[in-house]
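Let me begin by presenting the structure, written as structure tokens, before commenting on it.
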Amino acid sequence: MTQQFHDNHLSANALDQIFREARSYNGWHDKAVTEEQIHQIYELMKMGPTSANMQPARLVWCKSQESRDQLAEFASDANKKKIKTAPVVVIIGYDIDFHEELPWLFPHTDAKSWFEGDEEGRKQGAARNSALQGAYLMIAARALGLDCGPMSGVDLDKITDQFFADQPRHRADWVCAIGYGDKETIFDRSPRPDFGKFNRID
6 MTQQFHDNHL SANALDQIFR EARSYNGWHD KAVTEEQIHQ IYELMKMGPT
56 SANMQPARLV WCKSQESRDQ LAEFASDANK KKIKTAPVVV IIGYDIDFHE
106 ELPWLFPHTD AKSWFEGDEE GRKQGAARNS ALQGAYLMIA ARALGLDCGP
156 MSGVDLDKIT DQFFADQPRH RADWVCAIGY GDKETIFDRS PRPDFGKFNR
206 ID
């Protein structure tokens with residue numbers, strides 16, 4: 006049987022929307038992000054690949070003004086307004102004990118046993134793969150016509166204590182505002198390196 010390969014690709018406009026023209030926003034228009042849109046983002050994000058389908062990301066969507074104000078208390082001064090005024094800010098965290106879910110997430114084999122007794126290895130795997138999922142989240146949001154404002158200038162320990170208080174094995178890693186970006190709040194695009202600067206093909 007002849008192998009069939011995919012030769013279709015996204016349009017130039019779609020690639021512009023997701024990558025080439027997309028920006029990290031610092032301010033937002035007063036337009037809500039709905040719960041339906043949040044679910045749509047997740048339904049796309051979860052399809053991105055993770056090692057052994059471990060799906061370690063644990064997300065808290067701060068949609069109410071109360072939750073965003075609480076989150077802003079743990080942010081740097083430069084990020085407080087970004088968080089308070091965004092329609093929604095998602096906390097991207099991870100579960101150190103993600104392996105407990107592997108019997109149904111990766112049923113082909115006993116993948117849970119690969120991670121038992123190795124907490125440090127689980128932390129590394131969870132951090133790496135949840136970061137991947139956070140990137141998928143941003144791509145999904147942009148694909149759905151939304152803008153993103155990722156931030157790391159926050160107190161992750163305090164966010165963990167506040168927002169994952171009922172899940173002691175979860176850790177916050179970074180946050181991302183999502184909404185309709187105000188172009189007046191962004192800088193000129195920073196340089197992007199040519200291929201030869203940081204790449205080689207052996």
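Numbering (the numbering used here), first residue to last: 6 to 207. Heads up, the beta-carbon is just placed ideally off N, CA and C, and yes, glycines get one too.
Nearest to residue i by alpha carbon, out of the options?
i, options, result
"Ile-183", "Ala-91, Gln-9, Leu-15", "Ala-91"
"His-113", "Ala-57, Asn-204, Phe-168", "Ala-57"
"His-175", "Tyr-30, Ile-97, Asp-152, Asn-18", "Ile-97"
"Arg-194", "Asn-13, His-11, Phe-24", "Phe-24"
"Lys-128", "Lys-89, Asp-178, Asn-13, Asp-82", "Asp-178"
"Ile-46", "Gly-150, Gly-126, Met-156, Pro-173", "Gly-150"
"Ser-69", "Met-50, Glu-40, Ala-116, Gln-60", "Glu-40"
"Gly-122", "Arg-133, Phe-79, Phe-103", "Phe-103"
"Ser-29", "Ala-132, Gly-201, Val-180, Ser-118", "Val-180"
"Leu-15", "Asp-171, Ala-148, Phe-169", "Ala-148"
What are the boundary residues of the alpha helix (DSSP H) that includes residue i?
i, result
"Ile-96", "Premise fails: Ile-96 lies in the beta strand (DSSP E), 93 to 100, not in any alpha helix (DSSP H)."
"Phe-203", "200 to 203"
"Phe-120", "117 to 120"
"Leu-107", "107 to 110"
Who pairs with residue i in a beta bridge, going by DSSP?
i, result
"Leu-64", "Ile-97"
"Ile-183", "Val-93, Cys-153"
"Ala-80", "Val-159"
Starting from residue i, trace the beta strand (DSSP E) both ways and give me its first and last residue.
i, result
"Arg-174", "From DSSP, Arg-174 is part of no beta strand (DSSP E); its letter is neither H nor E."
"Gly-32", "No beta strand (DSSP E) contains Gly-32, which DSSP labels as neither H nor E."
Looking only at its own chain, which residues have a Cβ that is under 7 Å from the Cβ of residue i, when we skip the five neighbours before and after it?
i, result
"Glu-124", "Ile-101"
"Ala-77", "Lys-85, Ile-88, Lys-89"
"Met-50", "Gln-138, Tyr-141, Leu-142, Ala-145"
"Trp-66", "Ile-43, Val-93, Val-95"
Can you tell me whether residue i is buried or exposed, with buried defined as 16 or more other CB within 10 angstroms of its CB?
i, result
"Asn-84", "buried"
"Ile-206", "exposed"
"Lys-87", "buried"
"Trp-109", "exposed"
"His-11", "exposed"
"Asp-162", "exposed"
"Leu-20", "exposed"
"Arg-73", "buried"
"Arg-197", "exposed"
"Ala-131", "buried"
"Ser-135", "buried"
Given residue i, which residues of its chain have a CB within under 6 Å of its CB, disregarding the five upstream and five downstream residues?
i, result
"Ser-81", "Gly-158"
Might you give, ordered along the chain, the residues of its own chain that have their beta carbon closer than 8 Å to the beta carbon of residue i, omitting 5 neighbours on each side?
i, result
"Phe-111", "Ala-57, Asn-58, Met-59"
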